[in-house]
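Asker:
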Amino acid sequence: MKKILAIDIGEKRIGLSYNQGTSFAFPLKVIPSESLKKNVESILQIAQQIQAEIIVLGLPLRLNNSVKNEAQKIIKFRELLSSYFPGEVVLFDERLTSKEAEKRLLEADVSRKKRKMVIDQLAATIILQTYIDSTQI
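The structure is reproduced here in structure tokens:
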């Protein structure tokens, strides 16, 4: 299996997850969301460190499949990232992943402060695991 980096881009933080070349998603880290250029540079550096062959970007869609305003930013981010990343950059439906991540953290009795710091990372992990599960034959 190829090495995959998954990304959940939030307003303040970017959650990252990877699969280590296996069929399981693992949380990686959270980085601050900065300018478009800085975010692309950070992602490229991390992708190189983990030797990612595919990058999966969470695309926020509405329940009726229409594109949210935030999705336009993700599409622009993908275009820029694709021009520098040698592998494939995939957009993947991230509907309700943040809600699922929050639910899991609440069930685990994680404090509000800690939840804010890891929710994007857990959302990226959910995105990646869903992507892996949906692409396996």
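Be aware that the sequence shown starts at 1, since it is given in this note's numbering, and climbs by one per residue.
Cβ coordinates follow ideal geometry from the N, Cα and C atoms, glycine included.
1) Check for me: the beta strand (DSSP E) holding Leu28 runs from which residue to which?
2) Rank Thr22, Ala71, Glu11 by C-alpha distance to the C-alpha of Lys116 and give the top, closest one.
3) Suppose you measure from the CA of Ile46 to the CA of Glu94; what does that come to, to the nearest Å?
4) One question on the structure: do Leu59 and Val89 come within less than 8 angstroms of each other, judged by their Cβ atoms?
5) Given a cut-off of 8 angstroms on the beta-carbon distance, is the pair Gln121 and Pro32 in contact?
Answerer: Taking the coordinates as given:
1) From DSSP, the beta strand (DSSP E) with Leu28 extends over 26 to 32.
2) Comparing C-alpha distances from Lys116 to each of Thr22, Ala71, Glu11 shows the shortest one belongs to Glu11.
3) The alpha-carbon atoms of Ile46 and Glu94 are separated by roughly 21 angstroms.
4) No, the Cβ-Cβ distance between Leu59 and Val89 is not below 8 angstroms.
5) No; because the gap between Cβ atoms is not below 8 angstroms, this pair is not in contact.
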